[in-house]
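Going line by line, the protein sequences match chains A and B. Converting from the first sequence to our numbering requires adding 42 to each position, the first position being numbered 1. Converting from the second sequence to our numbering requires adding 141 to each position, the first position being numbered 1. Cβ coordinates follow ideal geometry from the N, Cα and C atoms, glycine included.
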Amino acid sequence: GAVVSQHPSRVICKSGTSVKIECRSLDFQATTMFWYRQFPKQSLMLMATSNEGSKATYEQGVEKDKFLINHASLTLSTLTVTSAHPEDSSFYICSASALRGRNTEAFFGQGTRLTVV
Amino acid sequence: TQLLEQSPQFLSIQEGENLTVYCNSSSVFSSLQWYRQEPGEGPVLLVTVVTGGEVKKLKRLTFQFGDARKDSSLHITAAQTGDTGLYLCAGDRLESGTYKYIFGTGTRLKVLA
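This is the structure we're talking about:
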């Protein structure tokens, strides 16, 4: 399957600072990338859908100004958690798809464990 | 509103037992995927089902897509401790011109030795 690399895998930051998470598709071009948040023992909740060269589409309840998403190229999308607070601590996962439509099979990054202290 | 509901949410069984996990929706999906996720890692794709009524087998795992493409099931035969993990169904939906890839509520399986 296709490879998606997410970096960093773990990050600890101080409250009030910003953290950037990178998601790269290594062996294919991803026109669409998805960002998820996962709380302990729960499923993945879609935060936003990111299309290359256009603004991300955020899910209801997700603050656009807090979770900045940039999809500048077909192989890279970034999620920046701005002015992080302890409640932002979570497991963040990205996925990339080479297709826009039918029979999408998303390939996932390894996830980023964010801890805000 | 959760588009993909999984049941049961949690299942603890003895090694060697059989089990079935269900993924239900009121919406039609062009395809559904099943994943397994270990703690601290990203989900790993197990299978994709595309055609209504389709049955796919992956060793001891049997996946079925409902005739109406609104539901799917995962059956594990003779469960092993290595099957322990979080099982997730997922599919893509077109909403307001944007394709979104969403996950089910998840089923946490624990297989005891």
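Quick check for students: name the residue ranges of the beta strand (DSSP E) that lie wholly in the region 64 to 126 of chain A, counting only runs of 3 or more. Runs of the beta strand (DSSP E) inside the region 64 to 126 of chain A: 74 to 80, 86 to 93, 109 to 115, 118 to 123.
At a Cβ cut of 8 Å, what residues of the region 181 to 197 of chain B count as close to chain A, listed as they run along the chain? Of all residues in the region 181 to 197 of chain B, those with a C-beta nearer than 8 Å to a C-beta of chain A are G181, E182, G183, P184, V185, L186, T189, V191, reading in chain order.
Under 7 Å between the Cβ atoms of T121 of chain A and I63 of chain A? Mapped onto the first sequence, residue 121 of chain A falls at position 79. Mapped onto the first sequence, residue 63 of chain A falls at position 21. Contrary to the premise, residue 121 of chain A reads as Leu rather than Thr in this sequence. Pairing L121 of chain A with I63 of chain A gives a Cβ-Cβ distance under 7 Å.
Starting from L229 of chain B, find everything on chain A with Cβ-Cβ shorter than 9 Å and list it in chain order. Start at 1 with the first residue of the second sequence, and residue 229 of chain B comes out as number 88. Within 9 Å Cβ-Cβ: S85, L86.
How many whole angstroms separate the CB atoms of L145 of chain B and S166 of chain B, which I take to be in contact at a CB cut-off of 8 Å? As a working mapping, residue 145 of chain B is identified with position 4 in the second sequence. As a working mapping, residue 166 of chain B is identified with position 25 in the second sequence. Correct: roughly 5 Å between the Cβ atoms.
Cα separation between Y78 of chain A and T91 of chain A? Numbered from 1 along the first sequence, position 36 holds the residue referred to as residue 78 of chain A. Numbered from 1 along the first sequence, position 49 holds the residue referred to as residue 91 of chain A. Y78 of chain A and T91 of chain A have their C-alpha atoms some 9 Å from each other.
Please state whether the Cβ-Cβ distance between H127 of chain A and S57 of chain A is less than 7 Å. One-based indexing of the first sequence puts residue 127 of chain A at position 85. One-based indexing of the first sequence puts residue 57 of chain A at position 15. With respect to S57 of chain A, H127 of chain A sits close: the two C-beta atoms are nearer than 7 Å.
Would you list the residues sitting across from Q150 of chain B in a DSSP beta bridge? Here residue 150 of chain B refers to the residue found at position 9 of the second sequence. DSSP lists no partner for Q150 of chain B.
Any Cβ of chain A within less than 7 Å of the Cβ of Y242 of chain B? The count along the second sequence starts at 1 and reaches residue 242 of chain B at position 101. Answer yes: the Cβ-Cβ gap between Y242 of chain B and chain A drops below 7 Å somewhere.
Residue of B:E156, B:T239, B:L235 minimising C-alpha distance to A98 of chain A: Counted from its first residue, the first sequence places residue 98 of chain A at position 56. Distance check between A98 of chain A and each of B:E156, B:T239, B:L235 places B:T239 closest, using alpha-carbon atoms only.
What does DSSP give as the partner residue(s) for L160 of chain B in the beta ladder? Here residue 160 of chain B refers to the residue found at position 19 of the second sequence. In DSSP, L160 of chain B forms a bridge with B:I217.
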